[in-house]
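Q: In this note's numbering, the protein residues as written are 90 to 231. Backbone N, C-alpha and C fix where the C-beta goes; we use that ideal spot for every residue, glycine too.
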Ligand SMILES: [Zn+2]
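#1: Which of the three DSSP states is assigned to residue 95 in this structure?
#2: Quick check: the Cα distance between residue 140 and residue 105, rounded to an integer number of angstroms?
#3: Skipping 5 residues on each side, what residues in its chain have a beta carbon closer than 8 angstroms to that of residue 174?
#4: Can you list, in chain order, the stretches of the beta strand (DSSP E) that have 3 or more residues and sit fully within the segment 169-228?
#5: Got a sec? Which residues, its chain only, sit under 8 angstroms from residue 156 by beta carbon, not counting five neighbours each side?
#6: Which of the three DSSP states, helix, strand or coil, is assigned to residue 123?
#7: For my contact list, residue 109 and residue 120 are in at a C-beta cut-off of 8 angstroms; report their separation, rounded to the angstrom.
#8: Assuming residue 97 contacts residue 146 under a Cβ cut-off of 8 angstroms, what Cβ separation, rounded to an integer in Å, is found between them?
#9: Under DSSP, the beta strand (DSSP E) around residue 108 begins and ends at which residues?
#10: Ends of the alpha helix (DSSP H) at residue 115?
#11: Around the C-beta of residue 127, are 16 or more other C-beta atoms found within 10 angstroms, so that it is buried, or is it exposed?
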């Protein structure tokens, strides 16, 4: 039996115990990247309180994003939490806008496809009418 190890997901913060031979994917957010192994024996990790685990993993996650860590620990407090929140808010708003554009595009494509189908139907009806035998003409054999 292989040793257990603690793995955490840098995307959502979920952690779990796995055998070290496995490269688990996060079952919570299904991020495509595999979870990261905690460099600490799982028994030590288990001994920590929930708050300590949170703090420890928060530190680990911050290490994966050096620019965020730099901002949070900026000595001159150039970046404060208000600015970070405002920045995150901007990111979210940009994502919302992008999402709106995408859904507008989908709607436009949907409308265009329906329009094309409608035109095709009219056209094929017209063609069918043009090739069909007019009622008052003599019957032609094929
Ligand atoms: Zn995750």
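A: The structure says:
#1: The sequence position of residue 95 within the chain shown is 6, counting from 1. Residue 95: strand per DSSP, three-state reduction.
#2: Taking the chain shown and counting its residues from 1, the one referred to as residue 140 is at position 51. Taking the chain shown and counting its residues from 1, the one referred to as residue 105 is at position 16. Answer to the nearest angstrom: the Cα atoms are 16 angstroms apart.
#3: The count along the chain shown starts at 1 and reaches residue 174 at position 85. The answer is none, since no qualifying residue turns up.
#4: The segment 169-228 is shown to contain no whole beta strand (DSSP E) run of 3 or more residues.
#5: By one-based count along the chain shown, residue 156 stands at place 67. If we look at residue 156 and ignore the five residues flanking it on each side, it has no Cβ neighbours.
#6: One-based indexing of the chain shown puts residue 123 at position 34. Secondary structure at residue 123: strand, using DSSP grouped into helix, strand and coil.
#7: Against the chain shown, residue 109 aligns to sequence position 20. Against the chain shown, residue 120 aligns to sequence position 31. With 8 angstroms as the limit, residue 109 and residue 120 do not qualify as a contact, their Cβ atoms being about 20 angstroms apart.
#8: Along the chain shown, read from residue 1 onward, the residue named residue 97 stands at position 8. Along the chain shown, read from residue 1 onward, the residue named residue 146 stands at position 57. Their Cβ separation, rounded to whole angstroms, is 5 angstroms, which keeps residue 97 and residue 146 in contact under 8 angstroms.
#9: For the purposes of this step, residue 108 is identified with residue 19 of the chain shown, where counting begins at 1. Counting along the chain, the beta strand (DSSP E) containing residue 108 begins and ends at 104-108.
#10: To locate residue 115, count along the chain shown from 1; it is residue 26. According to the DSSP assignment, residue 115 belongs to no alpha helix (DSSP H), since it is labelled neither H nor E.
#11: On the chain shown, residue 127 is found 38 positions in, with the first residue counted as 1. A buried status is given to residue 127, since no fewer than 16 other beta-carbon atoms sit within 10 Å of its beta-carbon.
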